[in-house]
Every structure is written in structure tokens, then in C-alpha cells.
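See structure below.
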Amino acid sequence: MDTLTLVAPTPPSSRWYRRAQAKKRGFGTPSWFAIPLLAFFGGIVAVPTLLGVYYAFTDWDGLSAVPQFIGFGNFIELFQQPKTMTALGNTVLIAVCVTVVQNGIGLALAAGVNSRIKSRNVLRTLLFAPVVMTSIIVGYLWQFLFVPNGPIAQIAEVFGIENLNMLGNPKTAIWGVIIVVVWQHAGYSMVIWLAGMQGIPEEITEAAALDGAGSWKRFVHITWPLLRTPLVINLTLSLISSFKLFDQVMATTQGGPGYATQTLSTLLYFEAFQFNNFSSGIALGVIVFVLTAVISFSQMYLFRDRNAS
Amino acid sequence: MNRYTWKTLVLEIVMILAAAVFVFPLWMLISVGFRPAAEVAKNPMGIPTSLNFDNFVGAWVEGELGSAFLTSALITVVSVLVLVVIGASGSYYFARSRGVAGMRWYAIVAAGMMVPFQIGLLPLYRIMANVGLTGNPIAVILISIGIHLPLTVILYTGFIKKIPPEYEEAARVDGATPFQAFWRIVVPMLMPITGTVIILNGIGVWNEFFLPLLYLSGTDSVTIPVRVYGFVGEYGADWGKIFAGLLMASLPVLVLFFLFQRYMIKSFGSGLKG
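Protein chains in written order, with numbering that gives the first Met the number 0: chain U, 0 to 308; chain G, 0 to 273.
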């Protein structure tokens, strides 16, 4: 905290002196500029999060004033319950599938939009629109599309699939959720890929074209290797946001049927607010945090390593 | 390479077809609300035969969307305003402090990006209950500010670091106080990044569901996402009315998006490079 209470030295009056001082150490910015920000950060983020992490190791029920410290009790109890393992498995499956499919589709769309086609600006806008929409609304929109005898069931019938009940069937429900998330965020991936593609100087691809490289070869040998930054951003963003997935599940399946689409975040909500197991709920939050931290750091490490060699 | 060849035409057609598949759910969002429930049940993909606003009136009145809009707007505007003020000034210290203290604090705040806010949300719930703020939009505003602080700081600090310090130093040499240098010299240069901060945080706060669900559900002042969550439950299978509500609830964001699409897409694309 001592850095916070530092006060800028009172400026001596002579301009010459001030200028000499500035040369010597540069003008600092007084720390009081950051006091409101750090107060908010401390009060709303840091202290409650640290308290939460502590509560994860206690038997806190949200009411008792003095929770008992029980070590890893909550975690052991959670991992002994099949529903936790199901939620963990679902979360990982969703995260991996969403990351691969969303970024794959996003890349294809970006390549298509980053061309000479006349409709590129209109298409880019339309494809991005779902990103800004409220995810709970997107969830209900798709719940209707997936309803038995609804639009998608009718389209599936044309392809010979009878009585499709995507979200009602425990086997298919999770794929329904994945489709919803991919639909909403593919435009986001597209825009990040696009920003990377537009940073590639046109001379490089033109030179390759003159040397007779077709568009596929140009993409594989020139564009793709230069897309490392958007690749890292896209992977990190989609993995982290799917590990925290909550809204779309609440709107489409509420974690059902049974536990078929329960994610760590929905389980956290039900544990804490339906069953009043506050400390187990927070323990689930800590598990989500450990997962995201491991993913983020391993991605940073992997990509830094490759760049260095 | 720059000519429009037959290959470009094929690509154009393929892309338009792909976009049509992609946009189909949006077309459903617009069309279903204009059709009576019985007709939707019979033929879910039908085209509206007339502009029927019954569903919209019903959803607006029974769904109490009007007051939900006001609550959402209040929470979003106040949160974003505070984020801009404390984010810009705090980041100015992080980027320009003498020595390493500023960047240390920056690293701590930026690391908040990775922490799921649910961990802190439960203890906060207890704290807010103690001070009587559960059910009060103020609690949602305070916590929204906390949630979006790390991104705001990352955006502002990255931007300020790229501004050469000579401008402020010249002003300081001429006797400006640190506040004057910040207000008159730095703030005017922050306009582009402030636009990005407003867009990303505004959309983030407006769309947030978990937080207002915990703090506001069951009260008179709920936000749009919580209200939508509530009335879908109440309407059962009356998809016409539900979709009228969904369309009205998504209109403000969609209209703003289509008006400022170029700028918004740029914000989302560039905002995360820092």
C-alpha cells in the first residue's frame, strides 16, 4: 500500500530547476489517479475473490458467521459425485468442440469475406450481428428452432431424419448447445482472423500469385503461417468463454435432460442457489479458474516456445 | 488478382448461400412474432401474411418490457460512465508512474481477466445483503464495474503507453499540474480508445445475465435479460408472443449495431490485440 500514499514532490518554482528535474527522473504521475480504480478493484474483485477462495475450503453455507475450515473437503465431496464428473466432461467436450468448429468456420468465413466479392461488407456485418446479441435471447431463439416438429426438425425430415428432438434427447442435447454457441460466436472469430489477414501486405500474396501459386497454395504457405497472433487470440478467447458457459445452457436446456448438458457454471448456480451449498458452489468456481489458468498459461508457453525456435 | 473473375463470382455465390444459412435464425426472430400462435404451431417456418402487432402489444404490456428497458439502460449508462472515468485516470497512473509500481498494479488488475467472477460473487452476495443492497440496481452497477475493470484497464493502459509522453512533459514544464496535463492534453487524445471501451463494456453490461439474475430477480427493477428469462417461462408455448418479446428486447442493441457496424466490428477486432 505504500506506493499508494506516495505524494508527488512539491514542484519548486523555478522553471530551470523543474526542467532539470524532469531530465533527471521524468515527470511521474501521482498515485492518487489510481485510487478510485484500485478501491473498486479491491472492494469488488480482489477481496471478495480471495474471500471466496477461502470459503471454498470451509463449510460456509452463506449464513454462518464463522465458517469451519475443512481443507479439501468440498473438492473431495464434489469429485465423488457423478454429477460433477459429468459437468466437467460436458464442459471440456463443449470447450473443445466449440473451439475447433467456431474457429474453423470463422476462418473459412474470413477467407471468403477477405476477397474481391461485392457483398463482402454486407456479409461481414450480417455474420457478426449475433455476437452483440444477448446470449439468453439467442438461447431462446434456438430453443424454438430445435423444438419437436419445429423448423430444424422439419428440415431434418427432408434429409430423412424423423422426429428430431435435438434438445430433448440426452444424446443430442449437448450438440444442440454447441451449435447455439458456435452460431453466436463464429462471427467474432471471423473478425479476429480478418484483422490478421488484413495486416498481411498485399505485395507478398501478389508476388506468390505471379510465381504461379494458386489461391489454396497461397493460403497454406503464406497467409496461414502469418496468422499466429489471431490464432492465439481466438483459441484463448473461445476456450475461456466456453469454460464459463452459462447463459446459452440456461436458456436452452437448463442443464438437462437429466445432467446431459450440465456445465461447471450451471452446476455452480444450482449448487449455490437452489441447494444453498455455497461453499461447494465456490469450489466449482475455483475448479473453473484452475482450468482457465492452466489453459491460458499452457497456450502462452506453447506459442512462445515455437516462436523462439 | 484484383479483377472480378468467374472464380470470384462462384465465391460470391457460395458466400451468400453460407450467409443465408447463417442468417436464417435472425429471419425467424423477425418473422415469428408477427404471426398468431396457432399458425406458428401449424407451420413454424411460414412467412407472415400481414403485419400483426397483437403479439408485440401483449408482450410489451404483460412482459413489462418498458421498465426493464429503463433498468437496463440505467445500469449500463452508469456502469460505463464510471468505468471510463476511473479506468482512464487509473490507467494513466499505471502507464506513466515513475518506476515499476504502476506496472505492478497494472499486472494485478489485468490478471483479474482470468478469474471467474462467480468466485467473488457469492461472498459479495453476503456483503450486499448485509448492507441492504440485494434487489437494488446499485449492487449490479457496482459489481458490473468490477467485472469489466480488467478489460478497461488493459485497453486504456495499452493505448496510453503508445502516446509519447513529451506532450504532457511540455505542459508540466510550463507549470501545468498533473491533473491539468491529464485533463487538457491526455484525455482529448484518448477519444478513439474511449469509443472502444464504451462499446465493449456497454454491450457486456447490457447483455449480462448471471449477475442481475442473482441480485434482481423477483424485484420490480429487473434488466432485459432477466425479464426475458422470466416471461419465456410464463408464456409456455406461445411462441408468437415470446418472439415478439425477444425481437423487442434485442432491437436496441441490433439497431445500434447496424448503425455503427463498421466501428463496432473494429472495436471487437482490435480491442483484444493489446
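The C-beta atom is built at its ideal place from N, Cα and C for all residues, glycine as well.
Quick caveat, the model's predicted, so the values are computed rather than measured.
Query, Result
"Mind listing the chain U neighbours of I264(G)? Cutoff is C-beta to C-beta under 8 angstroms, in chain order.", "R123, T124, F127, V190"
"Check the DSSP bridge columns for T57(U) and list the partner residues they point to.", "F68(U)"
"Could you check the C-alpha separation between W26(G) and F242(G) for me, to the nearest Å?", "11 angstroms"
"Which residues in chain U sit within 7 angstroms of G119(G), going by Cβ to Cβ distance?", "V44, P47, T48, G51"
"Looking at chain G, which residues of the region 269–290 of chain U have a Cβ within less than 9 angstroms of any of its Cβ atoms?", "A271, F272, F277, S278, G280, I281, L283, G284, V285, V287, F288"
"On the criterion of 16 or more Cβ atoms from any shown chain inside 10 Å, does W215(U) qualify as buried, or is it exposed?", "exposed"
"Under 8 angstroms between the Cβ atoms of V77(G) and I140(G)?", "yes"
"Output, in chain order, the set of chain U residues within a Cβ distance shorter than 8 angstroms of Q260(G).", "T124, F127"
"Taking Y228(G) as the query, report the chain U residues whose CB atoms sit under 8 angstroms from its CB, ordered along the chain.", "I135, M249, A250"
"Give the interface partners of Q318(U) over in chain G, defined as CB-CB distance under 8 angstroms, in chain order.", "The question about residue 318(U) has no answer here: the residues shown for chain U are numbered 0 through 308."
"Count the other C-beta atoms from every protein chain shown that fall within 10 angstroms of the C-beta of R95(G), then say buried if there are 16 or more, exposed otherwise.", "buried"
"Along chain G, in chain order, which residues have C-beta atoms closer than 9 angstroms to that of F245(U)?", "Q117, F208, F209"
"From K6(G) to L163(U), what does the alpha carbon distance come to, in whole angstroms?", "38 angstroms"
"Taking CB distances under 8 angstroms as the criterion, tell me whether F302(U) reaches chain G.", "no"
"What are the residues of the region 197–218 of chain U that lie near chain G, defined by any Cβ-Cβ distance shorter than 7 angstroms?", "E205, A208"
"Taking only beta carbons into account, state which residues of the region 160–180 of chain U come closer than 8 angstroms to chain G, listed in chain order.", "none"
"Let me know the alpha helix (DSSP H) ranges lying completely inside the region 189–230 of chain G, each 4 residues or longer, listed in chain order.", "190–206, 209–215"
"If you follow the alpha helix (DSSP H) that V180(U) is part of, which residue opens it and which one closes it?", "172–197"
"Against chain G, with Cβ distances strictly below 8 angstroms, would I75(U) count as a contact?", "no"
"Flag this pair as touching only if the region 129–145 of chain G and the region 202–221 of chain G have three or more C-beta atom pairs under 8 angstroms; answer yes or no.", "yes"
"Tell me which same chain residues have a C-beta within less than 7 angstroms of the C-beta of R226(G), skipping the five on either side of it?", "G62, E63, L64, A67"
"Looking at C-alpha atoms only, which residue of F158(U), E161(U), T98(U) is the closest neighbour of A185(U)?", "T98(U)"
"Give me the subset of the region 235–254 of chain G whose CB atoms are less than 8 angstroms from a CB atom of chain U, sorted by chain position.", "W238, I241, F242, L245, A248, S249, V252, L253"
"Examine the Cβ distances between the region 217–232 of chain U and the region 261–276 of chain U and report whether three or more of them are shorter than 8 angstroms.", "no"
"Would you please verify whether the beta carbon of A33(U) is less than 8 angstroms from any beta carbon of chain G?", "yes"
"Going by CA-CA distance only, name the one from T265(U), V137(U), V146(U), G198(U) that's closest to F242(U).", "T265(U)"
"Helix, strand or coil for T133(U) per DSSP?", "coil"
"Under the rule that 16 or more other beta-carbon atoms within 10 Å means buried, what is M127(G), buried or exposed?", "buried"
"Count the other C-beta atoms from every protein chain shown that fall within 10 angstroms of the C-beta of M84(U), then say buried if there are 16 or more, exposed otherwise.", "exposed"
"Name the two residues that bound the continuous alpha helix (DSSP H) containing M112(G).", "Counting along the chain, M112(G) falls outside any alpha helix (DSSP H), and DSSP gives it neither H nor E."
"Helix, strand or coil for L132(G), going by three-state DSSP, please let me know.", "coil"
"Does chain U have any CB closer than 8 angstroms to the CB of T7(G)?", "yes"
"Between the alpha carbons of E156(U) and A19(G), how many angstroms are there, rounded?", "20 angstroms"
"Return the CA-CA distance between M0(G) and I199(U), expressed in angstroms with no decimal places.", "Model confidence at M0(G) stands at a pLDDT of 49, short of 50, so the residue's coordinates are unreliable and nothing is read from them."
"Ends of the alpha helix (DSSP H) at W59(G)?", "53–61"
"For a contact meaning CB atoms closer than 8 angstroms, what does S241(U) contact in chain G?", "Per Cβ cutoff of 8 angstroms: no residues; S241(U) is ~13 angstroms from chain G at best."
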